[in-house]
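Going by our numbering, the sequence shown wraps up at 498, each residue one higher than the last. Note that beta-carbon positions come from the ideal geometry of N, C-alpha and C, so glycine has one too.
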Amino acid sequence: MSIERAPVGTLTDLALRAAWDQRAVAAPGGDMHQGAAFAADRARRSIRTLPLYVDGAPLLVCIRSLPLLGLSVASTSRGPAIPADAPDTERASVPERLQRVGEWLRKEEGVVELRVDPWLPASDALEAEWLRAGFSPCDESFFSKHAMWIRTTAHPGVTEAEIFSHLNATKRNEISAAHRNGIQVSRLHPEHDLAALREAAILVNETAVRRQFAQINLDQTLLTWVDLMHSGQMEAWVARDAQGAVIAMETALRHGERLTSHHAGSVEAGSSVPTGAVVLLRWTLIETARQEGRIADLGGADVSGHREIPQPGEKMFGLYDYKRAFGAEWVAMSGAHRIVLDPRRYALRSALRTVLRAGR
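See the structure below:
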């Protein structure tokens, strides 16, 4: 068992980067948030990244330090890569492995706290191992803790008609209406369609304002989108009406065994907006997942304070029911955990941050 730094240039040299991404992103259990494009995105946001090999497997760590003082906090998202259908014993080995990473980071980097979210389906055995390794649950770094997956798209030999039959009647009718209304879905290219990509990103923010979600930074996000698309880790589609105007968009991440819904946006609904564009885009994602033999990952349907399966009348039930209408099923995840590696220095960091916030 060993932990070592990846070679210098792992995330920038083209050959080394491709080799890293093949194992950290494309391999079973891989995730975009462990890849070189994500590391570049973090660097643009002044967040340091550290690629490690843990027992020979890649793990990308993000490190945030206080100016001049260090007292660093580290995090790792969606890693290490564990296949979606891995046995419980393999999943249960992750907390001990990450505890060793934390101890290494304490000694080598002065890290006082490690936050992790390896994206593992929940189980009693796994929860016991988190506790045994000294971790405790913490706030999620992502919108949702859990996921909603369509696993049948990954079944060998499954047909488009079979997957389509799993949609409820309303969604099937909306897709048919979209076709009748002349809505066309097109796949964007990172070099030829930069203007359309920017238009799609603007739609994300317009939708975020209407729904009171956090907005994206357009310039930084576009750089990351293009990087991901060049790496084969992201698809972007737009839906155009019969006159050629963009009325909706969706992006999806290609990683591990999944094709994951990422960003989505649409123009405000009204009498002039034809029916079915958003549903047709979601169907495009699902059908692409089927063609590639991947799980169609529609994201989550829970938020902070509402982490259980939503019931009728509850805050997130509408989103949950919407994703169920496509055939997605709830997948309970273990969620984010943290371990304090140096209690005294962690307390000092917390006190200093409180003082700094008060002085703003």
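Residue i lies in the beta strand (DSSP E); which residues open and close that run?
i, result
"Gly-403", "396-404"
"Ile-433", "433-435"
"Val-536", "There is simply no residue 536 to check, as the chain begins at 139 and stops at 498 in what is shown."
"Ala-224", "Run containing Ala-224: none; DSSP gives neither H nor E here."
"Leu-190", "186-192"
"Val-469", "467-469"
"Ser-215", "208-215"
"Trp-287", "285-288"
Would a C-beta distance cut-off of 8 Å place residue i and residue j closer than the cut-off?
i, j, result
"Arg-143", "Leu-190", "yes"
"Ile-306", "Ala-407", "According to the sequence displayed, residue 306 carries Asn and not Ile. No."
"His-393", "Gln-429", "no"
"Ala-334", "Leu-341", "no"
"Pro-218", "Ala-195", "yes"
"Leu-149", "Ala-177", "yes"
"Ala-402", "Glu-278", "no"
"Val-364", "Ala-338", "no"
"Leu-479", "Glu-241", "yes"
"Thr-422", "Val-323", "yes"
"His-304", "Gly-465", "yes"
Which residues in the same chain as residue i place their Cβ atom closer than 8 Å to its Cβ, once the five residues preceding and following it in sequence are excluded?
i, result
"Asp-379", "Asn-319, Gly-320, Ile-321, Ile-385, Val-411, Pro-412 and Ala-415"
"Glu-265", "Ser-472"
"Leu-258", "Ile-220, Arg-229, Val-232, Leu-264, Met-471 and Ser-472"
"His-444", "Glu-452, Lys-453 and Met-454"
"Trp-158", "Ala-144, Thr-148, Leu-149, Gly-173, Ala-174, Pro-189 and Pro-196"
"Val-469", "Pro-259, His-284, Ala-285, Met-286 and Trp-287"
"Arg-244", "Val-250, Leu-479 and Asp-480"
"Ala-216", "A small fix is needed here, since residue 216 is Arg in this sequence, not Ala. Only Asp-169, Met-170, His-171, Gln-172, Asp-255, Pro-256 and Trp-257 meet the Cβ criterion."
"Thr-492", "none"
The alpha helix (DSSP H) that contains residue i, what's its start and end?
i, result
"Ile-321", "Note, Ile-321: premise wrong, no alpha helix (DSSP H); not H, not E."
"Arg-482", "481-496"
"Asp-169", "No alpha helix (DSSP H) holds Asp-169; DSSP gives it neither H nor E."
"Gly-456", "455-462"
"Trp-268", "262-270"
"Ala-333", "332-349"
"Trp-257", "Note, Trp-257: premise wrong, no alpha helix (DSSP H); not H, not E."
Assuming the contact rule is C-beta atoms closer than 8 Å, residue i and residue j should be a hit. Round their C-beta distance to whole Å, please.
i, j, result
"Pro-205", "Val-232", "With a Cβ gap of about 33 Å, Pro-205 and Val-232 do not count as contacting."
"Ala-439", "Leu-457", "5 Å"
"Ala-260", "Glu-234", "That belief does not hold up - the Cβ atoms of Ala-260 and Glu-234 are roughly 17 Å apart, past 8 Å."
"Ala-316", "Val-417", "7 Å"
"Arg-476", "Ser-282", "About 18 Å; that fails the 8 Å criterion."
"Thr-389", "Ala-374", "5 Å"
"Leu-360", "Arg-336", "6 Å"
"Glu-395", "Ala-222", "5 Å"
"Val-192", "Val-163", "Not really, about 16 Å apart at Cβ, beyond 8 Å."
Within a Cβ cutoff of 6 Å, which residues of the same chain sit near residue i, ignoring the five residues on either side of it in sequence?
i, result
"Ser-442", "none"
"Arg-161", "Pro-196"
"Phe-280", "none"
Should residue i go down as buried or exposed, given a rule of 16 or more other Cβ atoms within 10 Å for buried?
i, result
"Pro-450", "exposed"
"Gln-353", "exposed"
"Glu-312", "buried"
"His-330", "exposed"
"Thr-227", "exposed"
"Glu-446", "exposed"
"Glu-251", "buried"
"Met-139", "exposed"
"Asp-169", "buried"
"His-171", "buried"
"Gln-237", "buried"
"Pro-448", "buried"
For residue i, which residues from the same chain have a beta carbon less than 7 Å from its beta carbon, with the 5 sequence-adjacent residues on both sides left out?
i, result
"Thr-291", "Ile-301, Ile-424, Ala-427, Arg-428, Arg-432, Ile-433 and Ala-434"
"Arg-202", "Ile-185, Ser-210 and Val-211"
"Arg-483", "Leu-209 and Val-250"
For residue i and chain C, any beta-carbon pair shorter than 8 Å?
i, result
"Leu-243", "Reference to chain C is not applicable here, since this structure consists of a single protein chain."
Report yes if the C-beta of residue i is less than 7 Å from at least one heavy atom of the ligand SAH; otherwise report no.
i, result
"Arg-432", "The ligand SAH is not part of this structure, which contains no ligands at all."
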